[in-house]
Ligand SMILES: Cc1cc2nc3c(=O)[nH]c(=O)nc-3n(C[C@H](O)[C@H](O)[C@H](O)COP(=O)(O)OP(=O)(O)OC[C@H]3O[C@@H](n4cnc5c(N)ncnc54)[C@H](O)[C@@H]3O)c2cc1C
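In the numbering used here, the protein residues as written are 45 to 413.
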């Protein structure tokens, strides 16, 4: 197969990169390990915030369908699901892929890594009991496979993911026992928190999980209050009965392929963990490898799509695949990203990006770092 650009991951970032690089005339192959395309979007039944240009007001699952249709409508774009990229070999620049039950190697002129993020977990006694899940697993069970994760769930983490999953659990008929949050404030949007509180669900700020108990499966958890130094306050413990525990304690970029590719990596807490250095067009220090979406820094689907656009345009342009509107599209994408990241809630992301973005925001499209 003659491939100009291989894209790893078919979430919003990878799909948008495929749409843009395919429109520029590149022969594109999208490799997705799941048996469906759309990444996290497929699990998101709520309407998105943001601006109209990134599909605000639409449900995540519907956005996924639109992106997949748009990508697959272009004969330049081939999409494979059940295609897990297992490794990248720097010496000859090939990807090794398990496609269904076949092991193959793929060589592309440029590669866009859009593998998203993995969930963080917490260490506490009993955290290996059956019935304890990450928030992504809860969403996958509920919204992809139609399986209830339990009858009564306790959630740890009051960021947007914890709040949204709590609401989705209620919609699925699961009782939510409460949300435990170690910080002294709710991290997610207050509009989501208000919905949860209106449903009568307690949000325990400045609290943490001390242990989980039950045999052979989870029966509940002991929580306790934290002081201003995040130390447990003795005597404040109480038990919450639950047959499920959902950990929504953050995400970290799924960057293994970038390490294998020899990209220069840096630990940036504001972006969720180790991320590669990049220029303003999403090119890493490996001149064949671009990045887009949560793997470049945990953010939101809206930013992932725009980064996908930039990576797709820049990868195509680096192969000489250009068109009359390219400069305009490139400028529009940069403006979109700046607008998305302008508010106070994005201050952390801006700080993180300032540490890993090399060159100027207005760097020429083909600049190599
Ligand atoms: C509960 C929840 C609510 C959210 N709500 C919003 C919201 O309202 N608005 C918003 O803008 N964002 C929201 N987000 C965030 C948004 O979903 C993510 O930021 C976005 O999906 C990131 O896109 P991505 O393409 O980078 O990664 P993903 O969507 O995670 O896609 C990455 C894809 O790569 C695949 N992959 C990984 N490794 C490999 C490999 N080795 N080989 C092949 N394929 C691989 C994965 O299977 C996955 O399909 C929410 C997230 C969650 C969890």
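Built from N, CA and C at the ideal position, the CB exists for glycine as well.
Best match in the options for proximity to residue i [C-alpha to C-alpha]
| i | options | result |
| --- | --- | --- |
| residue 12 | 275, 235, 79 and 264 | The displayed coordinates of the chain run from 45 to 413. Any statement about residue 12 would go beyond what the structure contains. |
| residue 204 | 255, 218 and 292 | 292 |
| residue 222 | 207, 215 and 232 | 207 |
| residue 77 | 167, 357, 375 and 157 | 157 |
| residue 255 | 193, 243 and 286 | 286 |
DSSP three-state assignment for residue i, whether helix, strand or coil
| i | result |
| --- | --- |
| residue 228 | coil |
| residue 413 | Any answer about residue 413 is weak, because its pLDDT of 49 lies below 50 and its placement is not dependable; what the coordinates show is given next. Three-state result, residue 413: coil. |
| residue 382 | helix |
| residue 274 | coil |
| residue 392 | helix |
| residue 65 | helix |
| residue 56 | helix |
| residue 45 | coil |
| residue 115 | helix |
| residue 408 | Confidence in residue 408 is poor, its pLDDT being 47 and thus under 50, which makes the residue's placement unreliable; the coordinate value appears in the next sentence. Three-state result, residue 408: coil. |
| residue 293 | coil |
| residue 353 | helix |
| residue 397 | helix |
| residue 363 | coil |
Any non-hydrogen atom of ligand 1 within 7 Å of residue i CB
| i | result |
| --- | --- |
| residue 339 | yes |
| residue 65 | no |
| residue 225 | no |
| residue 112 | no |
| residue 56 | yes |
| residue 129 | yes |
| residue 378 | no |
| residue 472 | What is shown of the chain runs 45 to 413, which leaves residue 472 out entirely. |
| residue 400 | no |
| residue 394 | no |
| residue 77 | yes |
Residue range of the beta strand (DSSP E) that includes residue i
| i | result |
| --- | --- |
| residue 196 | 196–200 |
| residue 176 | 176–178 |
Integer Cβ distance of residue i from residue j, believed to fall under 8 Å
| i | j | result |
| --- | --- | --- |
| residue 302 | residue 335 | 7 Å |
| residue 415 | residue 247 | One cannot answer for residue 415 here, as it falls past the ends of the chain, which runs 45 to 413. |
| residue 290 | residue 209 | 6 Å |
| residue 297 | residue 318 | 7 Å |
Residue i - containing alpha helix (DSSP H), residue span
| i | result |
| --- | --- |
| residue 236 | 234–242 |
| residue 73 | Unbroken run through residue 73 is the beta strand (DSSP E), 72–75; no alpha helix (DSSP H). |
| residue 257 | First-last for residue 257: 251–257, but that is the beta strand (DSSP E), not the alpha helix (DSSP H). |
| residue 210 | 204–215 |
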